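K.L.:
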Amino acid sequence: MQKNWKVLKTEYNKIIRLTNSLGISPILAQLLINRKIETPEEAESFLNPSLSNLHDPFLFKDMGKIVERIKTAIDRKEKILIYGDYDVDGITGMAILIQVIRKLGGKVGYYIPHRIEEGYGISEEGIKFAIENNFDLVITVDCGITDVSEIEILTKYGIDVIVTDHHEPSDSLPLSSFAILNPLFPQETYPDRNLSGVGVVFKLIQAILGNSSDIEEILDLVCLGTIADVSPLKGENRILVKYGLKRLNESKKPGISALLEIAEIGGRKISPYEISFILGPRINAMGRLDSAELSLRLFLTDSLSEAMEIAKVLDFTNQERQRIEEDIYREAIERVEREINFKEDFSIILGDHKWHQGVIGIVAAKLSQRYGRPVILFSLKEKIASGSGRVDLEEIHLLKMLDKCKHLFLSYGGHKSACGIKMEECLIAEFKGIFNKLLKETFAPDIFVPSLYIDKELSLSSLSPSLLNECNNLAPFGEGNPSPTFITYKLKLKNILNNRNRNRLEVWITDGFLTYQAKGKEFIEWISQENNKQIFFDLVYTPRLLNLQGEEFIYLDVKDFRISS
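According to my numbering, the sequence shown is numbered sequentially starting from 606.
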C-alpha cells in the first residue's frame, strides 16, 4: 500500500536556538525538534542521559508501603510468589525481582501462566497454585491490573497481593490488593508514564536497594525487556536502555552469553535491532508456543552448560514459531485481498480455527503496518475466539476503542497500540460491524493511509561520516525515537553488481555527481527490472556508517521509494 510521505517542517528560530546553545549542527538540532525536544535543557538531558537523572522511586504513591511489606516478608521468612507474564517484559522483570529477593534472603517462588491453556493474567490455576503452596505474598509482574476478581479470591485466603504493571487499568480496579505500582493507575502522580513492566519492577528494586551497585548489574535485563516490549525510548526508558546496552555488551551472565552464542551474534555489538529481531523473539518463542518457564530459567541459572541447553531449545522453538507465523501471514494476506473492501472497512478483523493463538499478535502487527489500519486476528477453538490486536496509527487508541465494545467480550485488556480479547465466536461479525462503525464515525478516512514521517530533505553532498557520528548521539533508537530518516529527490541508478560470493545484487545510485550503495529488498527488486533502470526516483532512507578494514563507508538503508514527479 502506498504510504503518505510527510516531510517534517521546523521553525528556523528553534533550530538556531539549539544550534547556538549547544554548539551542534542545524541538522542535529532539527532532528531533536522533530522528536519534540525543543529547549536547550531538554536537549542537553536527552543527548547526555545519566542514571543520576532517574526519578526518586518513592514518588510512586504506594512505594513506601510496598517496600516495607516486602522487607517484612523477607525478615519473617514468609513465602513470596512472583507471578509474571510470559513475554520478554514479564520474564526479565520476574528474573531481576527473584534474584534480588533471593540475594536478600527471601523465600521466593514463581508462576507463569500458560498462554494457550490459561491465558493472560492471574488464572484459576495460578490462584490454586498460590493457595495450595501456602504463599503469604503474591507480587505480579507485567500483569494484574485488570484481575479484580482473581485478586479478591487471593485476598480472601489471607494472601496479600502487590500489583506491579504498566498496562491500562479498566473501569474496575483491583482495590482489594495490598498495593499497586502502575504509572497509569488513576491518581498516580509518578512523573514518567511510559515505563515497561520490567521498568516498573526496576523502580521497585531501586527503592529496595537504594543506590547500591547491584542496581547497575540488572540493567542488562531491564534493557532487554524495555526494548522487546516496544516501550518509547524517552524519559527514564532512554536512560535505562542507554546504560543497559552497555551492561549487555559487557555481560558475562550465563543466560545472556548462551543466547548470544546460539543466535550467532557473540562478539557483535548489541543494539536495539539485535534485541528486537534476534534475541527478543527467541526469548518470546517459548511463551508463544508452550510454557515460558525455560525462558525464565535461562536468566536464573548460574550454569553456562545449562544455559546453553536452554538456549538451544529456545532457538529451535523460535524456528518453529517463524514457520507458523509465515503460514498465518501468507493466509491472512490472501484473505485480506479477497475479503476486505478498503473503501468501507477501516479495520481488518479475521479469525481461523487453524491459526495459533501464540503467534497471531505478531501477524496482526505486520498487517497493521502493511495496510495502515487496526488489525485484530482471532484463533477459534470450541466456539471461543481468542484475539490479538495491533494498530500502527498514532491517532488511534486501541484499548479506548474496545471499551465501547466491551459488552461483547468475555475479557479484554491492553494499551494504546495492542490488545488481547476473548469472546464468543458467534459475536465476531457483530463486533466487526460495531468496531468499523466507530472508526468511521471517529476518524477521517485519510488517517488510514499509512504515513511515513521524514525528518528532512537532504542532498547526497550533505552526507558525511562526521554528520552520521553526530546523529548517532540520538541513539539508542527505537519506539518514540526512530533512526533519522531523510529524503533525496531525482536520483538515478548508477550500477547493479552481482555479488556471487554473497549470492545477491548490489545497487549503486547517483544524483549525477555522487554515488552511494542503496540497500533494501523491495527497492532492489524494483530497480532491477529493465524498464525501471532509466527512471528518476525519490528515495527515503536512513544513512548508515560502516567501518570496513579501517575505512568508513556510508550506505543508504532504503525505507521507501517512488518515481519522481
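Even glycine gets a Cβ: it sits at the ideal position worked out from N, Cα and C.
Just so you know, these numbers come straight off a predicted model, no measurement behind them.
Can a CB atom of chain C be found closer than 8 Å to the CB of Glu683?
P.N.:
Among the chains in the structure shown there is no chain C, since it carries only a single protein chain.
K.L.:
Ignore the nearest five residues each way along the sequence and tell me which others in Ser572's own chain have a CB closer than 7 Å to its CB.
P.N.:
Nothing can be reported for residue 572, as the shown portion of the chain is limited to 606 through 1170.
K.L.:
Over the uninterrupted beta strand (DSSP E) stretch that includes Arg995, give me the two end residues.
P.N.:
Start and end: Ile989 to Arg995.
K.L.:
Kindly provide the ranges of any alpha helix (DSSP H) runs that are 4 or more residues long and lie completely inside the segment 783-841, ordered along the chain.
P.N.:
As far as the segment 783-841 is concerned, its whole alpha helix (DSSP H) runs of at least 4 residues are 802-814, 819-822 and 824-833.
K.L.:
Going by the beta-carbon positions, is the gap between Thr1090 and Ile1059 smaller than 8 Å?
P.N.:
Yes. Within cutoff.
K.L.:
From Lys583 to Phe1141, what distance separates their C-alpha atoms?
P.N.:
Since the first residue shown for the chain is 606 and the last is 1170, residue 583 is missing from the structure and cannot be characterised.
K.L.:
Am I right that Lys1138 and Ile1132 are in contact with their C-beta atoms under 8 Å? What's the rounded C-beta distance?
P.N.:
That belief holds up - the Cβ atoms of Lys1138 and Ile1132 are roughly 7 Å apart, short of 8 Å.
K.L.:
Can you grab the Cα-Cα spacing for the pair Phe1158 / Glu729, in whole Å?
P.N.:
Distance between the alpha carbons of Phe1158 and Glu729: 57 Å.
K.L.:
Let me know the secondary structure DSSP gives Val964 once reduced to three states.
P.N.:
Coil at Val964, not helix or strand.
K.L.:
Pull the bridge partners of Asp1143 from the DSSP assignment, please.
P.N.:
DSSP output for Asp1143 lists Arg1167 as bridge partner(s).
K.L.:
Does Ser657 pass the burial test, meaning 16 or more other C-beta atoms within 10 Å, or should it be called exposed?
P.N.:
Result: exposed.
K.L.:
Quick test of your reading: Leu1161 and Leu1144, contact by CB under 8 Å. State the CB separation rounded to the nearest angstrom.
P.N.:
Correct: roughly 7 Å between the Cβ atoms.
K.L.:
Helix, strand or coil: which one does DSSP assign to Asp776?
P.N.:
Asp776: coil per DSSP, three-state reduction.
K.L.:
Taking only the alpha-carbon atoms, compute the straight-line gap between Ala700 and Ala868 and give it to the nearest angstrom.
P.N.:
Going by the C-alpha atoms only, they are around 21 Å apart.
K.L.:
Please name the residue in Val766, His1020, Lys1045 and Ala912 whose C-alpha comes closest to that of Lys670.
P.N.:
When only C-alpha atoms are compared, the closest one is Val766.
K.L.:
Whole angstroms are fine: how far does the CA of Arg681 sit from the CA of Gly1083?
P.N.:
Their Cα atoms are separated by approximately 43 Å.
K.L.:
Leaving out five residues before and five after Val835 in sequence, what residues of the same chain have Cβ atoms less than 6 Å from its Cβ?
P.N.:
Within the same chain, Val835 has close Cβ partners Glu1084.
K.L.:
DSSP three-state label for Ser973, please.
P.N.:
The answer is helix: DSSP assigns Ser973 an H, G or I state.
K.L.:
Assign Asn1077 to one of three DSSP states: helix, strand, or coil.
P.N.:
Three-state result, Asn1077: helix.
K.L.:
Take Asn1100 and list the residues in its own chain whose beta-carbon comes closer than 6 Å to its own, dropping the five residues that flank it on each side.
P.N.:
Result list for Asn1100: Trp1113, in chain order.
K.L.:
To the nearest whole angstrom, what separates the beta carbons of Ile915 and Val693, a pair I think is in contact under 8 Å?
P.N.:
Contact flag wrong, Cβ pair sits at about 15 Å.
K.L.:
Going by alpha carbons, who is nearest to Tyr691 out of Arg902, Ile875 and Asp819?
P.N.:
The residue with the shortest Cα to Cα distance from Tyr691 is Arg902.
K.L.:
Any idea what DSSP makes of Phe665, helix, strand or coil?
P.N.:
Of the three classes helix, strand and coil, the one that applies to Phe665 here is coil, per DSSP.
K.L.:
Phe807: buried (16+ other C-beta within 10 angstroms of its C-beta) or exposed?
P.N.:
Per the 10 Å Cβ criterion, buried.
K.L.:
Would you say Pro796 and His660 are within 8 Å of each other, going by their C-beta atoms?
P.N.:
Yes.
K.L.:
Per DSSP, Ala1023 forms a beta bridge with which residues?
P.N.:
DSSP, once it has assigned bridges, lists Arg995 as partnering Ala1023.
K.L.:
Just to confirm, are Leu778 and Val753 a CB contact at a threshold of 8 Å?
P.N.:
Taking 8 Å as the Cβ cut-off, Leu778 and Val753 qualify as a contacting pair.
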